[in-house]
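Note sheet for the following structure.
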Amino acid sequence: MRPNRLIGWYVFPALLIGCAVMVTVYFVQNPGGPMAARLLSYAQVLTSTRQHLILVLVSSLLAIMAAVPLGIMISRPQFRKIGIVIENVINIAQTIPSLAILALFMTILGLGFNTAIFALWCYSLLPILRNTFAGIKNVPEGAIQAAKGMGMTPWHILRRIELPLAYPIVMAGIRTAVVINVGTATLATFISAGGLGELIVTGISVGRDSLIIAGALLSAIMAILFDHILGQVEAALTGNN
Amino acid sequence: MIKLRWLAVAVCLGLLIFGVVGCGGGGSSQNDAGESESETVIENWVFAADHEFAVRPDGLPKLEEEYGFKFDDVKVMDLGVTYGALKEEQVAVAMGFATDGRIGAFNLVNLEDDKKFFPVYNPAPVVRKEIMDKYPEIKDILDPIAEKLDTDTMIALNGKVDVDGMQPKEAAEEFLNDNGLLGEAVEASKGKVVVGSKEFTEQLILGQITILALQNAGFEVEDNTGLGGTEVARSALENGEIDMYWEYTGTGWLVALEHEEAITDSDEAYQKVKEEDLEKNNLVWLPYAPFNNTYTIMMRGVDAEALGIKSISDLADQINS
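Protein chains in written order, with this note's numbering: chain A, 1 to 241; chain B, 1 to 321.
So, in structure tokens, the structure goes:
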């Protein structure tokens, strides 16, 4: 157990961060022309990465806080009908392209951070909600019956039986949502919310591959890192339940 | 076992606090910009630019060098949203295209490019020489129209279509009638002319204006407007599929005639492109319109007035003071 945990919590994340630092150093040293060098400075890459990180963290946390309780709620028998409506509304919302959501809410929420967070939040809801719902639905009926037979209240059943059994599926939804989020956050730059997309979009519009590759590599590393850390959290928590 | 649970709670709380701090940080910077501008003392000269202009050596860096100033901060965004960002007071100055309809609709003003930094893009009707030889009166029909098309007029026309939802044809008709450019309608059929345009609002309006004016003068006109981009319209003209369309001097010089260096003087650009295109491609450039659809630096009208800023040099002085 222990060496595994050491590798999982420290060595692998450190390796990934090391990769990110190497990518940054490489591209700052070899920007491929003065035009790309304007963006490929340590300060600018750090700012973009920090903006990207904050966009993903804030929107994902808000989405988890909204979608997990909602998923639990619509899995209760008394909310079955509302549940179907909610799930369909979110399903439909998911079909609107993310760029369109950005453009639509720009007029209401203004440019920048808030709108980007809102769009990313919208996009993270569905995977988390659906997995929470599916996870709880898939708890074997027998386990619930047995719990009832032991005299557990519905609240106890939820906390002691349904949530622990549904937990891996809920976590899978969260991981999916966060990884998608890292990618979608590259669009935030269109409405001046910054992020690694600034490197990528500038690279595309002035035809500088170094900018595109640097931005894409850094956001890919960030996605892997998030996925890995969430996997570690999941393993640590299931091991103790 | 219990410790790990607390660790999880601590991590979640940490992330949450991080998130809230991030939210607060993002929010407050916007408020700063909003507050400082409401009393027209602009402390933070934040500039909205698109991704390309912000880094191109002949874009923002050269502009700042040429006029000798530096913006406090640059916010990078898609070109279409800079107008809104400026209107919403999220930035103090923004770049855009000089004849966009939103400039009028959002009460923004173009700052004069007094050092002739930006390349010029004056539009002029480009007609095949064959057609000009056959119907020389086309020049007399289109000259007075081109004369009336200044930047403010074009902003208003684009605004009618893009902001108010009018059809390009209605806007064109209104413009011709308001300026008394149509005169007596001629019934006799003089011959057939095919008019083209590229596919964006301004071009569609120019195309419709041309069609209406020629129809009124007794020509049978085929409407071939909305031809995609420059490449499509230009090759249609060179192949004789259309007889004329409005092209911008800068585009003609850089794209059609494939020169590398942009020209920043209207007359010079027109004369050069006119001579070369006639010689090489048998195309006639009729006199150009005064409006210039180039990059522009914009401010909110109220701010510009309160601070007495009319040109980019004034802006530079204000920022440096």
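We put the CB at the ideal spot given by N, CA and C, even for glycine.
Contacts of residue i in chain A (Cβ-Cβ under 8 Å)
i: B:Arg56; result: Met35, Val206
i: B:Glu52; result: Thr202, Ser205, Val206
Between the CA atoms of residue j and residue i - distance to the nearest angstrom
i: A:Ser75; j: A:Thr189; result: 37 Å
i: B:Val91; j: A:Thr115; result: 16 Å
i: B:Ala33; j: B:Tyr67; result: Residue placement at B:Ala33 is poorly supported in this model, since its pLDDT is 44, which falls under 50; the coordinates still yield a value, given next. Answer to the nearest angstrom: the Cα atoms are 24 Å apart.
i: B:Arg102; j: B:Met298; result: 11 Å
i: A:Arg5; j: B:Leu108; result: 59 Å
i: B:Glu137; j: A:Gly183; result: 59 Å
i: A:Cys122; j: B:Val120; result: 43 Å
i: B:Leu254; j: B:Glu202; result: 20 Å
i: A:Ile221; j: B:Ser235; result: 46 Å
i: A:Ser66; j: A:Pro127; result: Here the sequence assigns Ala to residue 66 of chain A, which means Ser is not the residue at that position. Their backbone Cα atoms lie some 12 Å apart in a straight line.
i: B:Trp246; j: B:Leu86; result: 30 Å
i: A:Asn241; j: A:Glu162; result: Here A:Asn241 scores only 43 on pLDDT, less than 50, and its place in the model should not be relied on; the value that follows carries that caveat. Answer to the nearest angstrom: the Cα atoms are 12 Å apart.
i: A:His228; j: A:Gly18; result: 15 Å
i: B:Gln30; j: B:Glu88; result: At B:Gln30 the pLDDT is 43, less than 50, meaning the model places this residue with poor confidence and gives no usable figure here.
i: B:Leu257; j: B:Thr99; result: 24 Å
i: B:Val93; j: A:Val21; result: 35 Å
i: B:Gly26; j: A:Gly195; result: Its pLDDT being 43, under 50, B:Gly26 is placed unreliably by the model, and the measurement read from it follows with that caveat. Near 13 Å, if we compare the C-alpha coordinates of A:Gly195 and B:Gly26.
i: B:Phe71; j: A:Gln51; result: 21 Å
i: B:Leu157; j: A:Ser124; result: 42 Å
i: A:Gly149; j: A:Pro164; result: 19 Å
i: A:Gln44; j: A:Leu15; result: 22 Å
i: B:Gly240; j: B:Thr251; result: 20 Å
i: B:Ser38; j: A:Val25; result: Annotation note: pLDDT 49 at B:Ser38 (below 50); position unreliable, coordinate value reported separately. Approximately 42 Å between the Cα atoms of the pair.
i: B:Lys272; j: B:Thr210; result: 24 Å
i: B:Val81; j: A:Ser48; result: 20 Å
Neighbourhood of residue i by C-beta distance below 7 Å, restricted to the same chain and skipping five residues each side
i: B:Ala105; result: Gly159, Val163
i: B:Ser36; result: Note that B:Ser36 has pLDDT 45, beneath the 50 cutoff, so the model's placement of it is unreliable and no number is given.
i: A:Phe113; result: Ala193
i: B:Cys23; result: Model confidence at B:Cys23 stands at a pLDDT of 48, short of 50, so the residue's coordinates are unreliable; what they give is reported in the following sentence. Excluding positions up to five away in sequence, the list is empty.
i: A:Leu187; result: Ser98, Leu99, Leu102, Gly197
i: B:Ala54; result: Leu60, Val74, Val76
i: A:Phe118; result: Phe105, Leu109
i: B:Leu227; result: Gly196, Ser197, Lys198, Glu199, Ala233, Ala236
i: B:Gln215; result: Val221
Residues that residue i contacts on chain A, provided the C-beta gap is smaller than 7 Å
i: B:Ala85; result: Leu111, Ser192
Cβ-based neighbour list, residue i, same chain, cut-off 6 Å, excluding 5 preceding and 5 following
i: B:Ala146; result: Pro287, Ala289
i: B:Ser266; result: Val120, Asn122
i: B:Lys190; result: Gly218, Phe219
i: B:Asn224; result: Val194, Gly196, Ile242
i: A:Leu62; result: Trp121
i: B:Gly308; result: none
i: A:Leu230; result: Arg175
i: B:Tyr270; result: Thr249, Tyr288
i: B:Phe118; result: Thr294, Tyr295
Cut-off 8 Å between Cβ atoms - residues of its own chain near residue i, not counting five sequence neighbours on either side
i: B:Ala316; result: Tyr67, Gly68, Phe69
i: B:Gly229; result: Lys198, Glu199
i: B:Ser28; result: Because the pLDDT at B:Ser28 is just 39, under 50, the model does not fix this residue reliably, and the point stays unresolved.
i: A:Met152; result: Arg160, Ile161
i: B:Ile131; result: Ile138, Val193, Asp243, Met244
Within 7 Å, strictly: CB atoms of residue i and residue j
i: A:Ser192; j: A:Leu111; result: yes
i: A:Ala36; j: A:Ser210; result: yes
i: B:Gln208; j: B:Lys148; result: no
i: A:Phe133; j: A:Gly207; result: no
i: B:Met154; j: B:Phe291; result: yes
i: B:Asp58; j: B:Ser311; result: no
i: A:Val28; j: A:Tyr42; result: yes
i: B:Lys116; j: B:Thr264; result: yes
i: B:Ala233; j: B:Ile205; result: no
i: A:Ile282; j: A:Ala177; result: Outside the displayed span of chain A (1 to 241) sits residue 282 of chain A, for which this structure offers no information.
i: A:Leu46; j: A:Thr202; result: no
Amino acids of chain A, ordered along the chain, whose beta-carbon sits closer than 9 Å to that of residue i
i: B:Lys93; result: First, the amino acid is wrong: residue 93 of chain B is Val here, not Lys. Chain A residues near B:Val93: none, gap ~14 Å exceeds 9 Å.
i: B:Lys75; result: Leu111, Gly112, Ser192, Gly194
i: B:Gln215; result: Here the premise fails: no neighbours, minimum Cβ distance about 38 Å.
i: B:Gln90; result: Gly110, Leu111, Gly112, Ser192
In DSSP terms, what residue i is bridged to
i: B:Arg128; result: B:Leu283
i: B:Pro270; result: Correcting the residue identity first, residue 270 of chain B is Tyr in this sequence and not Pro. DSSP, once it has assigned bridges, lists no residue as partnering B:Tyr270.
i: B:Ala94; result: B:Ala48, B:Met298
i: B:Glu222; result: B:Val194
i: B:Glu247; result: B:Ala124
i: A:Ser75; result: Per DSSP, none; premise fails for A:Ser75.
i: B:Lys75; result: B:Ala48
i: B:Glu112; result: B:Ser311
Neighbour list for residue i in chain B, Cβ cutoff strictly below 8 Å
i: A:Met106; result: Val81, Gly84
Chain B residues whose Cβ lies nearer than 7 Å to that of residue i
i: A:Glu234; result: Chain B residues near A:Glu234: none, gap ~10 Å exceeds 7 Å.
i: A:Leu39; result: Val55
Under 9 Å from the C-beta of residue i: neighbouring residues of chain B
i: A:Thr189; result: His51, Val76, Met77, Asp78
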